[in-house]
């Protein structure tokens with residue numbers, strides 16, 4: 002097949018990890034007879050430096066014209082970068098929120114899988130890990146408090162800030178349907194996470210999810226409060242199959258999930274729309290402190306590329322092969338500094354990407 006991929010290298014370690022993901026994709030293309038072409042798109046801090054804004058209309062349209070988007074990371078050091086002296090709507094992360102909204106990428110899938118080779122890197126006790134765990138967080142991505150009305154003002158002589166957390170039933174229903182469809186391909190269990198004992202949005206969330214569940218009688222639905230879910234992920238992660246939640250809760254819980262897998266450098270993600278179009282990125286940040294030092298773990302980005310092949314291009318065999326290649330390299334004892342202890346052969350970003358590509 003032929004596919005055009007918009008590539009957003011971004012900031013920090015972004016260019017390094019994207020280079021390794023493209024290396025793996027090119028090996029897949031060679032072995033399986035595909036053609037992947039790439040359109041470079043600027044977003045984040047580099048776009049601010051070049052154009053004065055984190056995401057231009059032209060960049061958004063270029064991404065929209067492609068078959069999928071592969072993203073590295075955006076942002077810098079919030080304490081030292083001049084980007085964070087700008088108003089919030091002009092900071093690097095505003096580009097990420099803008100592209101999600103602009104491309105209607107409302108469904109975020111974040112797998113949390115403990116590779117057996119990373120057992121020693123997992124912070125949990127062996128008695129908790131058991132035979133390992135494999136669950137996925139399905140996060141609503143374009144609604145809630147990140148996109149609600151906000152303002153900062155002075156009231157009675159005191160500075161005050163207000164953020165709103167809006168959701169309508171259509172937004173909830175469409176992300177719930179994604180979660181149940183994903184569950185049907187897995188172990189057929191959905192745990193819907195909310196704060197229904199306090200928030201009206203969560204009470205509506207629970208009502209609508211329960212209505213959607215009636216269309217999926219083969220899938221088991223449970224409800225869990227977000228604070229309990231945060232505890233359960235470290236107490237017994239094996240209990241989860243598909244975790245469905247709203248935007249802010251999903252942001253926090255998926256980062257927690259990444260750490261129980263051994264390293265955030267292992268966690269891929271997909272942000273999807275109604276069709277086959279999607280944006281694929283690692284769940285970690287731009288790590289400016291190690292940028293350019295050949296230290297970053299490219300595996301999350303490589304696994305994100307595998308998700309792109311699976312969800313946007315329907316190349317499941319090729320996606321499986323990338324995941325197997327990652328597992329084989331880890332099995333041979335290779336590791337980057339963030340998963341040191343999972344193996345005895347410490348390698349850098351470039352060598353890890355090459356080792357994985359060689360296995361395809």
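Numbering (my numbering), first residue to last: 2 to 361.
Virtual Cβ for every residue (Gly too), placed ideally from N, Cα, C.
* Look at the alpha carbon of residue 302 and the alpha carbon of residue 93, and state the distance between them as a whole number of angstroms. => 19 Å
* **Complete alpha helix (DSSP H) runs within the stretch 265 to 336 (minimum length 4 residues, chain order)** => 300 to 312, 317 to 332
* Are the stretch 112 to 124 and the stretch 62 to 80 touching by the rule of at least three beta carbon pairs closer than 8 Å? -> no
* Identity of the residue in 235, 299, 335, 276 nearest residue 287 by Cα -> 299
* What are the boundary residues of the alpha helix (DSSP H) that residue 156 is part of? -> Per DSSP, residue 156 belongs to no alpha helix (DSSP H); it is in the beta strand (DSSP E), 151 to 156.
* To do: Go through its chain and collect everything with a Cβ distance to residue 197's Cβ below 8 Å, but skip five positions before and after it.
  => 203, 204, 206, 207, 224, 226
* Asked: Given a threshold of 16 other Cβ atoms within 10 Å of its Cβ, counted over all protein chains shown, does residue 108 qualify as buried or as exposed?
  -> buried
* Using the C-alpha atoms, what's the distance from residue 310 back to residue 38? -> 14 Å
* Distance, Cα to Cα, residue 277 vs residue 357? -> 26 Å
* Asked: CA-CA distance, residue 164 and residue 60?
  -> 29 Å
* **Beta-carbon proximity check, residue 96 vs residue 56, cutoff 8 Å** => yes
* Asked: If you measure from the beta carbon of residue 3 to each beta carbon in chain C, is any gap under 8 Å?
  -> The structure shown contains no chain C; it holds only a single protein chain.
* **Whole-Å CB distance - residue 29 paired with residue 361, under 8 Å assumed** => 6 Å
* **Span separating the alpha-carbon of residue 243 from that of residue 282** => 20 Å
* Nearest to residue 83 (by Cα), restricted to the options 58, 50, 68 -> 50
* Which parts of the stretch 21 to 70 are runs of the beta strand (DSSP E), unbroken and 3 residues or longer, counting only runs that do not cross its ends? -> 36 to 41
* How should residue 128 be labelled, buried or exposed, when 16 other C-beta atoms within 10 angstroms of its C-beta is the threshold for buried? -> exposed
* Just mark residue 118 as buried or exposed, buried being the case when its beta carbon has 16 or more other beta carbons within 10 Å. => buried
* To do: Compare the C-alpha of residue 257 against each of 319, 218, 238 and name the closest.
  => 238
* To do: Select from 138, 152, 63 the residue whose C-alpha is nearest the C-alpha of residue 177.
  => 138
* Coil, strand or helix - residue 3 by DSSP -> strand
* **Limits of the unbroken alpha helix (DSSP H) element including residue 82** => Here residue 82 belongs to no alpha helix (DSSP H), and DSSP marks it neither H nor E.
* Asked: With distances taken between CB atoms, is the gap from residue 212 to residue 145 smaller than 8 Å?
  -> no
* Kindly confirm or deny that the stretch 250 to 269 and the stretch 318 to 326 touch, where touching means at least three C-beta pairs closer than 8 Å. => no
* Cβ separation of residue 101 and residue 143, assumed to be a contact under 8 Å, to the nearest whole Å -> 6 Å
* To do: Specify the secondary structure class of residue 88 as computed by DSSP and reduced to three states.
  => coil
* Roughly how many angstroms lie between the CA atoms of residue 349 and residue 296, to the nearest whole one? -> 5 Å
* Mind checking residue 180: buried by the 16 CB within 10 Å criterion, or exposed? -> buried
* To do: For the stretch 207 to 272, list the alpha helix (DSSP H) runs that are entirely contained and at least 4 residues long, ordered along the chain.
  => 227 to 236, 248 to 261
* **Cα-Cα separation, residue 5 to residue 70** => 9 Å
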